[in-house]
Amino acid sequence: MPAKKSFISKIEETILRFTKQDYMDSKEKVDYFLKNKSDDKPSEGIFKSFDFKGMDVFTFGDENAKSTILYIHGGAYVNQINYQHFLFCFLLSRKLDAYVLAPVYPLAPESSAKQSYDLITELYKRIIQRNNLILMGDSAGGGFVHSFCQYLKTVDLPQPNKIVTFSPWVDVSMSNPPYDSENDPILGEIGLKEIGKSWAGEWDTQDYRVSPLFGDNENLPDTLIFAGEDEIFYKDIKKYVESLEGDGVNVKLVTGPNLFHIYPLFPMPETLITLNEIKKDIID
51 MPAKKSFISK IEETILRFTK QDYMDSKEKV DYFLKNKSDD KPSEGIFKSF DFKGMDVFTF
111 GDENAKSTIL YIHGGAYVNQ INYQHFLFCF LLSRKLDAYV LAPVYPLAPE SSAKQSYDLI
171 TELYKRIIQR NNLILMGDSA GGGFVHSFCQ YLKTVDLPQP NKIVTFSPWV DVSMSNPPYD
231 SENDPILGEI GLKEIGKSWA GEWDTQDYRV SPLFGDNENL PDTLIFAGED EIFYKDIKKY
291 VESLEGDGVN VKLVTGPNLF HIYPLFPMPE TLITLNEIKK DIID
């Protein structure tokens with residue numbers, strides 16, 4: 051990754067700072083948000099979807115493609131899949147010759163992690179025999195992917211061929227302060243802590259099923275992680291990569307110098323570099 055970030059990425063970061071959700075930095079506002087949040091659903095728009103046990107699953111690309119990607123979207127476990135995710139999944143399907151499935155899994159505070167585990171597990175069983183199965187996700191969805199693969203070992207289900215995540219949220223307990231909330235244009239420690247409790251539900255926030263940083267990574271598949279050097283999760287992600295290495299996992303961390311949270315999902319030159327990196331290290 052080039053040491054100097056692109057002009058477009060600077061523009062994107064400026065826009066993000068102006069649109070950062072105020073509940074990320076206020077206990078009062080995040081409590082209000084969680085109390086009053088409605089169970090919104092994405093509109094289908096131009097993308098195909100099918101119903102799976104009451105959960106919509108969007109699909110992108112040719113069902114007979116060389117690879118299959120199960121993509122778990124981000125949004126801090128409270129925000130619904132959006133057109134940024136749709137367009138990125140479409141781009142993945144084209145660039146990587148992949149059939150991409152993106153489930154609209156249950157979110158907090160209406161639901162907790164347990165309900166999503168039940169549905170994603172059943173969906174995973176349905177696609178487990180497909181060619182070159184890759185689990186992929188961004189932010190909260192990336193954290194879910196890492197936890198889910200740890201969980202697969204406990205229910206005797208096979209691992210995917212590869213894991214790819216973008217800025218994964220690996221510790222919803224936010225147990226490694228200080229976190230630089232002020233300089234992160236998207237996320238904040240105060241809001242994340244409260245949302246993490248809501249998502250964990252009856253589980254402890256350091257249960258591996260919601261915080262893979264505390265789980266067992268032994269025998270997990272090859273893993274590729276992208277993270278922005280300036281994002282709030284960066285030090286937790288580095289700690290998790292060290293844990294993966296300690297458990298004998300073949301893992302590669304690609305750092306975006308001076309870049310922000312989930313930077314590969316934005317339309318800028320760094321995104322093309324990311325896709326080429328995935329194709330080189332994971333697909334080829």
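Take any residue in the sequence shown, count from 1 to its spot, add 50: that is its number in this note's numbering.
Just so you know, even glycine gets a beta-carbon here, dropped at the ideal spot from N, CA and C.
Please read these numbers as outputs of a predicted model, since none were measured by experiment.
In three-state DSSP terms, what is residue i?
i	result
Ile282	coil
Ser143	helix
Met224	coil
Tyr133	helix
Met186	strand
Pro218	coil
Tyr174	helix
Tyr155	coil
Ile61	helix
Ile245	helix
Leu274	strand
Gly251	coil
Met74	helix
Lys54	coil
Gly296	helix
Ile236	coil
Tyr313	helix
Gly191	helix
Ala163	helix
Between residue i and the rest of its own chain, which residues show a CB-CB distance below 8 Å, the 5 nearest in sequence each way excluded?
i	result
Ser231	Met74, Asp75, Leu237, Gly238, Glu239, Ile240, Ile282
Ile177	Thr118, Leu120, Leu151, Leu183
Pro210	Leu120, Leu183, Ile184, Leu185, Cys199, Pro271
Ser56	Met318, Pro319, Glu320
Only counting the same chain, and skipping five residues up and downstream in sequence, which positions put a Cβ closer than 6 Å to that of residue i?
i	result
Lys302	Leu274
Cys139	Phe110, Tyr121, Val150, Ala152
Leu325	Lys145
Tyr290	Val220, Leu263
Asn300	Asp272
Phe100	Val107
Ser143	Phe110, Gly111, Val150
Ile58	Met318
Return the Cβ separation of residue i and residue j in integer angstroms, given the expectation that the two are a contact with Cβ distance under 8 Å.
i	j	result
Gly192	Ser166	The Cβ separation is near 14 Å, so there is no contact.
Leu309	Gly265	That pair is no contact at about 27 Å.
Leu242	Ala163	So it is not a contact: roughly 15 Å between Cβ atoms.
Lys175	Pro271	The Cβ separation is near 17 Å, so there is no contact.
Asp188	Gly246	Incorrect: roughly 17 Å between the Cβ atoms, too far for contact.
Pro92	Ile131	5 Å
Leu84	Glu244	7 Å
Lys79	Asp72	5 Å
Asn181	Lys116	6 Å
By a C-beta neighbour count over all protein chains shown, 10 Å radius and 16 as the cutoff for buried, is residue i buried or exposed?
i	result
Asp254	exposed
Asp280	buried
Gly104	exposed
Asn233	exposed
Ser88	exposed
Tyr229	buried
Glu252	exposed
Ile61	exposed
Arg67	exposed
Asn114	exposed
Asn269	exposed
Ile65	exposed
Ile96	exposed
Gly298	exposed
Pro307	exposed
Asn335	With the chain represented from 51 up to 334, any question about residue 335 goes unanswered, as that position is not in the structure.
Glu63	buried
Note down, in chain order, each residue of its chain lying with its Cβ closer than 7 Å to the Cβ of residue i, except the 5 sequence neighbours on either side.
i	result
Asp331	Leu274, Lys302
Trp375	Look at the range of the chain in this structure, 51 to 334, and you will see that residue 375 is not part of it.
Pro314	Phe216, Phe276, Glu320, Thr321, Thr324
Asp147	Ala115, Lys116, Ser117
Pro235	Glu63, Leu66, Arg67, Lys70, Phe310
Ala190	Gly124, Gly125, Ala126, Tyr127, Trp219
Check the Cβ-Cβ distances between residue i and every residue of chain E, and say whether any is below 9 Å.
i	result
Lys145	Any reference to chain E falls outside this structure, which holds one protein chain only.
**Message:** Within 8 Å, do at least three Cβ pairs link the stretch 216 to 227 to the stretch 284 to 300?
**Reply:** yes
**Prompt:** When the Cβ atoms of the stretch 152 to 161 are set against those of the stretch 202 to 215, are three or more pairs found closer than 8 Å?
**Reply:** Put simply, the stretch 152 to 161 does not touch the stretch 202 to 215. Fewer than three CB pairs are less than 8 Å apart.
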